[in-house]
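Undergrad: Take 1208 as the starting number for the sequence shown in this note's numbering and just add one per residue.
Just so you know, even glycine gets a beta-carbon here, dropped at the ideal spot from N, CA and C.
Quick one: this structure, given as structure tokens, is what I'll be asking you about.
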Amino acid sequence: MNAWGHGDFLCRNYILDGLSDTLYNAYSSATTARALWQSLEKKYKTEDADLKKFIVEKFLDFKMVDSKTVMNQVQEFQMILHDLHAEGMKLNESFQVAAMIEKLPPLWKDFKNYLKHKWKEMGLEDLIVRLRIEEDNRLLR
1208 MNAWGHGDFL CRNYILDGLS DTLYNAYSSA TTARALWQSL EKKYKTEDAD LKKFIVEKFL
1268 DFKMVDSKTV MNQVQEFQMI LHDLHAEGMK LNESFQVAAM IEKLPPLWKD FKNYLKHKWK
1328 EMGLEDLIVR LRIEEDNRLL R
């Protein structure tokens, strides 16, 4: 066996060794390390792309409603932002702030307009503080 063949044999078996029994049975028929790697990459990169599409869809479809507290919905939105970040999709903070303002519920229309026209470079944490104060004030009315 030549050096390349031996290296390919070792590499293929190292990859197979890292798989679960079910995956091992499914992929052990690959004849080279390259073929094995490409078939695994094809399957799991597709799933990764599907996950990214799902998270982007959640981000785009998210809209706050009047029937829940704004702060609970802010936390839900922050989780979506965290998921985007974890998948390597980074949004700059100004975009996140503008998106959160745009997703405020219908009864917050006046406050939303106030924020859209008044805010100077506001950070996400500053926006969340303002939303918390506004929600507390609304609950006291």
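Check this for me: beta carbons of F1266 and L1247, under 8 Å apart or not?
TA: Result no, Cβ atoms of F1266 and L1247 do not sit closer than 8 Å.
Undergrad: Going along the chain, which residues of its own chain have a beta-carbon closer than 7 Å to the beta-carbon of V1272, five neighbours each way excluded?
TA: Closer than 7 Å at the Cβ level, and outside the excluded window around V1272, lie P1312.
Undergrad: Identify whether T1356 lies in helix, strand or coil by the three-state DSSP scheme.
TA: The question about residue 1356 has no answer, for the chain in this structure spans 1208 to 1348.
Undergrad: The alpha helix (DSSP H) with L1334 in it runs from where to where?
TA: 1331-1347
Undergrad: Throw me the rounded Cβ distance for the K1310 and K1270 pair, which I believe falls under 8 Å.
TA: 6 Å
Undergrad: With contact counted as at least three CB pairs below 8 Å, one residue from each stretch, are the segment 1283-1303 and the segment 1324-1331 in contact?
TA: yes
Undergrad: Between the C-alpha atoms of I1262 and A1210, what's the straight-line distance to the nearest angstrom?
TA: If you take the alpha carbons of I1262 and A1210, they lie about 45 Å apart.
Undergrad: For L1230, which of K1250, E1342, L1338 has the nearest alpha-carbon?
TA: K1250
Undergrad: Can you give the Cα-Cα distance for L1288 and Q1282, rounded to whole angstroms?
TA: For L1288 and Q1282, the gap between their C-alpha atoms comes out near 10 Å.
Undergrad: Mind listing, in chain order, the continuous alpha helix (DSSP H) runs of no fewer than 4 residues lying wholly within the segment 1257-1311?
TA: Listed in chain order, the alpha helix (DSSP H) elements of length 4 or more contained wholly in the segment 1257-1311 are 1277-1293, 1300-1309.
Undergrad: Is Q1245 buried or exposed, if buried means 16 or more other CB atoms sit within 10 Å of its CB?
TA: exposed
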